[in-house]
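Taking it in order: structure first as C-alpha cells, then the write-up.
Residue numbers (UniProt numbering): 1 to 431.
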C-alpha cells in the first residue's frame, strides 16, 4: 500500500471516530465518509506504520444507514463525525462500540436523544484573518484551518441567530486581535451570554457589542476575555464585563443554576437531565448517606442528589464554578450541600470523614492512579463514575477492580448526537 494508490474496498466497521474501516492487503485503512457494508473506490492519501488513511472517490454500494448530511459543510467540518448516518443507526453504532470495549460488563442500551439536532447550549467559534479576509466557523478535521460557515445544525436556534448576526457584521477591523467568540444560551430562562476572546478590546468590539444588545434583548452578559497565549487554551485568566454580569441563569432538575462563563456545564441540557436522573437511580441512595461529588462544576449533580441523602460535599478546582455552586445551593434553599475549591486528588488524599456514595465526573483524561487509590482509601460503598471518554472509563474500571471495586453496570447516554462522543455512567460497588 502506497500513497496515491487506488483500491476497491469493502467497509467492515466504523471506528469510534466515525471513519469507515477497510482492509487493503491485510492492512487497515480508515476512510471518512464510508459506512459498514458499503463498497467504494478509494485513494490512499497517508500511510503510517500500522494503518493508512483513504479518501472516498466513488461509492459503489450504499448502506441503508446512510442519509444525505443535513449540514452543508459536513464533508469538511471536524465538529460532527456522523452527519451521513441516520440517527437510529448512529445509536446502533454507539451501542456496538460500547459492546466491543466493555465485553465483560453489564451494559444497558444507549439512552437516545429525543431532539438530535439543535441541542447544544454553548459554542466556541474560532476567528482568523487570512490576507485581510475574515474567517469564522469551525476547524476542519485534523487541521487548524477554519471551515467558514454561518450556522451549525447541532447548536440551538438562539445561538445560531446570534452567530449569523456576527457572521454578517463582524468585519476585518473587529476580527483583528480576536481568537474566538463564545456564546452560551440558557434554554430555561432565554438568557444569552457572549464572550469575546482575544488580545485586546477595541472600539470596534465595543460598537459591535452595542449592536448585539440592540438586536437581541435577551443578551444579559457580554464579556471580553483577555488571552495572549499562543497555544490552544481558549480562555485566559483576566476578563472585563462589558455589559450585565459574568454569568447567566439556567435550570437543571428544578434547581436554578448560576453559570459563570468559565464554569463547566453539560452542553446538551435536555440529555443532561436524563443523564443525572439515571445516575441518581443507579446510585440507590438512602437518607442517611453521606455523599462526595468530585469535579463538581456548578453543583448540578450535588444539588440534585441533596434531597436523597444526609450531606453532600462538592469539590471543584475552578474558583468561579465553586462560587457559583455555593450561590446555587443558597439560591435553591439547599442546606445540606456545600462546595470547596480544591484539586480533587488533594481533597481525597486528606479527607478523613465518612462517605457512602462518591460521584465523579472527570475530564476526558479520566482519573489518575493515585486518585483511584485515594478514593479506595476513603472506602465509599458505591462510586458513580460519569465519563465522556469510554476508553479512559475502561482503563479506570480496571484500576478500580485492583482496589476491590466491581463494576455493576454501565449506562451509555447519547449526549452528543451526530458526533462520535458517548457519555456513560458506571456504577462501581465495593466488594
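For each residue, glycine too, the CB sits at the ideal point set by N, CA and C.
Computed from a predicted structure; not experimentally measured.
Where do the N-terminal and C-terminal ends of the beta strand (DSSP E) with residue i fall, by residue?
i	result
residue 382	382-387
residue 318	Per DSSP, residue 318 belongs to no beta strand (DSSP E) and is neither H nor E.
residue 419	Residue 419 -> no beta strand (DSSP E), and no H or E assigned at all.
residue 201	Looking at the DSSP string, residue 201 is not in any beta strand (DSSP E), and its letter there is neither H nor E.
residue 391	Segment 390-402 is the alpha helix (DSSP H) holding residue 391; no beta strand (DSSP E) there.
residue 148	146-148
residue 47	39-47
residue 292	290-294
residue 251	247-252
residue 180	178-186
residue 229	Premise fails: residue 229 is in no beta strand (DSSP E) and is neither H nor E.
residue 133	133-139
residue 55	51-61
residue 8	6-10
residue 341	337-341
residue 118	Taken as a continuous stretch (DSSP letters only), residue 118 belongs to no beta strand (DSSP E), as it is neither H nor E.
residue 260	255-260
residue 22	19-24
residue 359	357-360
residue 31	27-32
For the alpha helix (DSSP H) that residue i lies in, which residues bound it at each end?
i	result
residue 93	87-101
residue 126	From DSSP, residue 126 is part of no alpha helix (DSSP H) but of the beta strand (DSSP E) over 122-130.
residue 347	344-350
residue 161	157-169
residue 273	269-283
residue 240	First-last for residue 240: 239-244, but that is the beta strand (DSSP E), not the alpha helix (DSSP H).
residue 306	300-306
residue 174	172-175
residue 376	369-378
Since residue i and residue j should fall inside the 8 Å C-beta cutoff, what is the C-beta to C-beta distance between them, to a whole number of angstroms?
i	j	result
residue 85	residue 65	6 Å
residue 209	residue 245	Actually they do not touch by this definition, with Cβ atoms about 14 Å apart.
residue 161	residue 227	The pair is not a contact, with the Cβ atoms about 26 Å apart (cut-off 8 Å).
residue 150	residue 164	5 Å
residue 56	residue 69	Wrong, their Cβ atoms sit about 13 Å apart, outside the cutoff.
residue 454	residue 415	What is shown of the chain runs 1 to 431, which leaves residue 454 out entirely.
residue 3	residue 45	7 Å
residue 21	residue 30	6 Å
Do residue i and residue j have their CB atoms nearer than 9 Å?
i	j	result
residue 347	residue 312	no
residue 281	residue 358	no
residue 239	residue 261	yes
residue 471	residue 396	What is shown of the chain runs 1 to 431, which leaves residue 471 out entirely.
residue 370	residue 350	no
residue 79	residue 152	yes
residue 256	residue 328	yes
residue 405	residue 83	no
residue 166	residue 121	no
residue 147	residue 76	yes
residue 279	residue 181	no
residue 426	residue 368	no
residue 102	residue 390	yes
residue 372	residue 343	no
residue 81	residue 123	no
residue 224	residue 205	yes
residue 271	residue 59	no
Give me the residue from the options with the minimum Cα distance to residue i.
i	options	result
residue 287	60, 359, 307	307
residue 382	401, 110, 370, 368	401
residue 339	389, 302, 199, 367	302
residue 231	198, 255, 16	198
residue 299	253, 21, 310, 268	253
residue 175	185, 201, 156	201
residue 183	216, 171, 132, 173	216
residue 310	283, 163, 272, 356	356
residue 99	144, 16, 55	16
residue 421	342, 413, 428	413
residue 330	258, 206, 319, 269	258
residue 432	28, 70, 58, 204	Because the chain spans 1 through 431 in this model, residue 432 falls outside it and cannot be assessed.
residue 341	324, 332, 110	324
residue 392	218, 424, 249	424
residue 332	277, 42, 250	250
residue 233	126, 192, 285, 398	126
residue 429	403, 415, 416	403
residue 243	334, 269, 193	193
residue 297	170, 321, 110, 289	321
residue 264	319, 6, 378	319
residue 115	211, 87, 138	87
Please confirm whether residue i has its beta-carbon closer than 9 Å to some beta-carbon of chain C.
i	result
residue 71	Given the protein chain composition of this structure (a single chain), no chain C is represented.
Stretch pair the segment 27-44 + the segment 5-14: three plus CB contacts closer than 8 Å: yes
Any 3 or more C-beta pairs closer than 8 Å across the segment 404-411 and the segment 103-110: yes
Touch test, the segment 132-141 against the segment 88-100, Cβ-Cβ under 8 Å, three pairs minimum: no
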